[in-house]
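In the numbering used here, the protein residues as written are 6 to 431.
Some notes on the structure that comes next.
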Amino acid sequence: MTDGVAPNAVAAVSEARQWERLMAMAAIGGFTDPAGHPGVNRACLTPLDREARRLLLSWAGPLGLTPSVDVLGNLFLRQEGADPSLAPVLTGSHMDTQPNGGRFDGIWGVIAALEAVQALREAGIATRRPIEIVAWTNEEGGRFAPGCMGSMAYAGFKARDAWDAITDNDGIRFADALAAQLAEEHDIPRRPLGIVEGPAPFAYVEAHIEQGPRLETEGLDIGIVTGIQGSRWFVVELAGKTDHAGTTPLSLRQDAVQDMVRAVTALNALMHDPADVLRFTVGRIEVSPNTSNSVADRARFTIDFRHPDNAVLQARGNAIPGVVQAAVARCSAGVEERFHATPVAFQPLVPEAVERAAAAQGLKAMRMPSGAFHDAQFLVSVCPTGMIFVPCRKGVSHHPSEYAEPAALAAGARVLAQVLADLANR
Ligand code: GLV
Ligand code: MN
Ligand code: MN
Numbered sequence: 006m007t008d009g010v011a012p013n014a015v016a017a018v019s020e021a022r023q024w025e026r027l028m029a030m031a032a033i034g035g036f037t038d039p040a041g042h043p044g045v046n047r048a049c050l051t052p053l054d055r056e057a058r059r060l061l062l063s064w065a066g067p068l069g070l071t072p073s074v075d076v077l078g079n080l081f082l083r084q085e086g087a088d089p090s091l092a093p094v095l096t097g098s099h100m101d102t103q104p105n106g107g108r109f110d111g112i113w114g115v116i117a118a119l120e121a122v123q124a125l126r127e128a129g130i131a132t133r134r135p136i137e138i139v140a141w142t143n144e145e146g147g148r149f150a151p152g153c154m155g156s157m158a159y160a161g162f163k164a165r166d167a168w169d170a171i172t173d174n175d176g177i178r179f180a181d182a183l184a185a186q187l188a189e190e191h192d193i194p195r196r197p198l199g200i201v202e203g204p205a206p207f208a209y210v211e212a213h214i215e216q217g218p219r220l221e222t223e224g225l226d227i228g229i230v231t232g233i234q235g236s237r238w239f240v241v242e243l244a245g246k247t248d249h250a251g252t253t254p255l256s257l258r259q260d261a262v263q264d265m266v267r268a269v270t271a272l273n274a275l276m277h278d279p280a281d282v283l284r285f286t287v288g289r290i291e292v293s294p295n296t297s298n299s300v301a302d303r304a305r306f307t308i309d310f311r312h313p314d315n316a317v318l319q320a321r322g323n324a325i326p327g328v329v330q331a332a333v334a335r336c337s338a339g340v341e342e343r344f345h346a347t348p349v350a351f352q353p354l355v356p357e358a359v360e361r362a363a364a365a366q367g368l369k370a371m372r373m374p375s376g377a378f379h380d381a382q383f384l385v386s387v388c389p390t391g392m393i394f395v396p397c398r399k400g401v402s403h404h405p406s407e408y409a410e411p412a413a414l415a416a417g418a419r420v421l422a423q424v425l426a427d428l429a430n431r
């Protein structure tokens with residue numbers, strides 16, 4: 006690569022411009038929580054999502070980037086290469102947030118990609134390969150479960166219509182929300198869907214806040230991400246019978262909440278891990294009729310289970326339905342798996358490029374796996390893939406108090422600019 010020209014691109018990264026763009030994005034779906042933290046609630050395929058995408062396009066247009074969108078709503082911005090026939094380097098992340106989300110998870114990876122490409126242009130660097138910025142559809146899975154739908158369809162993990170019938174809290178089908186978005190974005194040229202309909206990119210690199218405390222605790226600037234642990238999501242449905250809370254003897258009840266407690270207690274035993282590596286979360290519970298003086302006839306809860314070792318992920322994940330069935334006493338139980346991402350290790354190409362860039366810029370970096378899942382997990386089977394982490398305050402994420410320093414984010418964008426210049430000149 007172009008060791009002579011990359012420093013110019015690195016110098017052209019603007020901390021102020023990147024921060025201003027992030028704060029402009031944070032206003033779209035922005036709210037203040039009761040503690041005064043500035044959160045963002047920008048679910049995928051909503052008018053707010055589209056407003057954010059239009060804002061991104063308004064920045065990309067003057068830079069001469071060419072937009073396109075695929076059938077899953079994944080949005081791409083292409084910077085042409087000296088040889089347009091070469092496979093592009095792909096970089097980006099997601100623009101949707103958790104319902105109680107922060108200002109950096111996902112969106113920074115998209116804004117950093119734009120900042121890095123803009124810096125390359127301002128430095129007069131024309132790469133051999135095209136560079137494409139991507140904003141993946143529905144990474145979070147907060148409105149429509151599971152997450153990473155855009156990248157899964159792009160990589161051929163699932164058919165494009167696999168989630169059509171999934172509904173949000175208001176009963177809106179994913180297929181209809183997606184169709185509405187594609188209709189509103191009819192002016193954006195359509196492109197083939199990922200490797201299902203087109204060629205693979207040369208490499209994929211995603212910048213993201215760490216979402217954990219290690220970089221900050223250890224006083225480091227950059228995480229060279231080596232891979233991502235496995236995740237499985239399940240939904241458990243318990244069906245019993247509703248009764249009057251004052252009159253119905255306990256012996257006659259089919260109380261869905263009591264069976265939910267039995268199931269979760271049994272699952273806690275299944276997921277026991279003295280090494281504290283395993284992650285097990287029941288994060289969402291719905292009960293009906295959800296009133297204090299009626300016995301619940303229905304309980305529904307989610308399971309988010311993660312582990313870096315695929316053998317553990319498979320063995321304990323596969324045991325979940327049986328453990329739930331054995332635990333419930335009075336209700337019928339159904340267990341449905343919603344998401345299955347096996348652990349991945351990144352090939353050396355991108356992590357080594359990140360390591361070289363961080364070293365060249367005098368940044369303190371370490372190799373680390375990701376505990377959170379990302380769209381990068383599904384790109385691993387498509388092309389050499391990697392991620393750049395930057396520290397975030399106290400490791401907090403998926404919360405309005407999520408925060409990353411402007412200087413830390415600028416450092417990450419500088420590393421990304423150098424990595425893009427490196428990869429796109431191969
Ligand atoms: C991503 O949002 C995750 O939950 O890891
Ligand atoms: Mn994210
Ligand atoms: Mn997230």
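No residue lacks a Cβ here, since even glycine has one placed at the ideal position from N, Cα and C.
Check: residue i C-beta below 8 Å from any heavy atom of ligand 1
| i | result |
| --- | --- |
| His-403 | yes |
| His-379 | yes |
| Gly-114 | no |
| Ser-98 | no |
| Glu-144 | yes |
| Asp-54 | no |
| Gly-152 | yes |
| Asp-427 | no |
| Asp-309 | yes |
| Gly-376 | yes |
| Gln-259 | no |
Distance, residue j Cα to residue i Cα
| i | j | result |
| --- | --- | --- |
| Ala-274 | Pro-67 | 57 Å |
| Arg-22 | Glu-120 | 8 Å |
| Ser-466 | Ile-177 | The structure shown does not extend to residue 466, since the chain is modelled only from 6 through 431, so no value can be given for it. |
| Met-265 | Arg-305 | 8 Å |
| Leu-434 | Glu-137 | Residue 434 falls outside the range modelled here, since the chain spans only 6 to 431, and no answer is possible. |
| Ala-280 | Ala-164 | 37 Å |
| Ala-31 | Val-333 | 44 Å |
| Trp-64 | Asp-302 | 51 Å |
| Asp-278 | Ala-271 | 14 Å |
| Asn-143 | Ile-393 | 21 Å |
| Glu-215 | Pro-353 | 20 Å |
| Ile-130 | Arg-196 | 26 Å |
| Pro-411 | Phe-36 | 20 Å |
| Ala-14 | Gly-417 | 13 Å |
| Val-420 | Val-395 | 10 Å |
| Ser-386 | Gly-245 | 43 Å |
| Thr-296 | Ala-316 | 42 Å |
| Glu-20 | Thr-96 | 19 Å |
| Leu-62 | Arg-26 | 12 Å |
| Pro-204 | Ala-140 | 18 Å |
| Asp-173 | Glu-407 | 25 Å |
| Val-262 | Ala-324 | 22 Å |
| Ala-413 | His-404 | 19 Å |
Residues of its chain near residue i, where Cβ-Cβ distance is below 7 Å and the 5 sequence neighbours each way are ignored
| i | result |
| --- | --- |
| Ala-250 | Asn-298, Ser-299, Val-300 |
| Met-6 | Here the model assigns Met-6 a pLDDT of 40, short of 50, so the residue's position is not dependable and the matter cannot be decided. |
| Pro-389 | Ala-208, Gln-352, Leu-354, Val-355 |
| Pro-151 | Trp-238, Arg-343, Phe-344 |
| Gln-123 | Leu-68 |
| Glu-85 | Pro-135 |
Per DSSP, the bridge partner or partners of residue i
| i | result |
| --- | --- |
| Glu-291 | Arg-305 |
| Gln-84 | Ile-136 |
| Ser-256 | Partner(s): none; Ser-256 has no beta bridge. |
| Thr-286 | Asp-309 |
| Ser-73 | Phe-81 |
| Met-276 | In DSSP, Met-276 forms no bridge with anything. |
| Gly-97 | Val-139 |
Buried/exposed call for residue i, threshold 16 Cβ in 10 Å
| i | result |
| --- | --- |
| His-191 | exposed |
| Gly-41 | exposed |
| Ser-337 | exposed |
| Ala-16 | exposed |
| Met-28 | exposed |
| Thr-132 | buried |
| Arg-59 | exposed |
| Asp-8 | For Asp-8, the predicted structure reports a pLDDT of 48, less than 50, and the residue's modelled location is therefore unreliable. The matter cannot be settled from this model. |
| Glu-211 | buried |
| Gly-106 | buried |
Cβ shell of residue i (< 6 Å), same chain only, five flanking positions each side left out
| i | result |
| --- | --- |
| Ala-11 | Gln-423, Ala-426 |
| Asp-226 | Leu-368, Lys-369, Ala-416 |
| Arg-108 | Ala-31, Val-45 |
| Gly-339 | Glu-242 |
Contact set for residue i: own chain, Cβ-Cβ below 8 Å, skip 5 residues either direction
| i | result |
| --- | --- |
| Met-276 | Leu-283, Phe-285, Phe-310, Arg-321 |
| Thr-253 | Val-300 |
Proximity test, residue i beta-carbon vs ligand 2 heavy atom, cut-off 8 Å
| i | result |
| --- | --- |
| Gln-382 | no |
| Gln-234 | no |
CB contact below 9 Å: residue i versus chain D
| i | result |
| --- | --- |
| Gly-97 | Looking at the structure shown, chain D is missing, and only one protein chain is on hand. |
Near ligand 3: residue i beta-carbon under 8 Å from a heavy atom
| i | result |
| --- | --- |
| Asp-110 | yes |
| Gly-155 | no |
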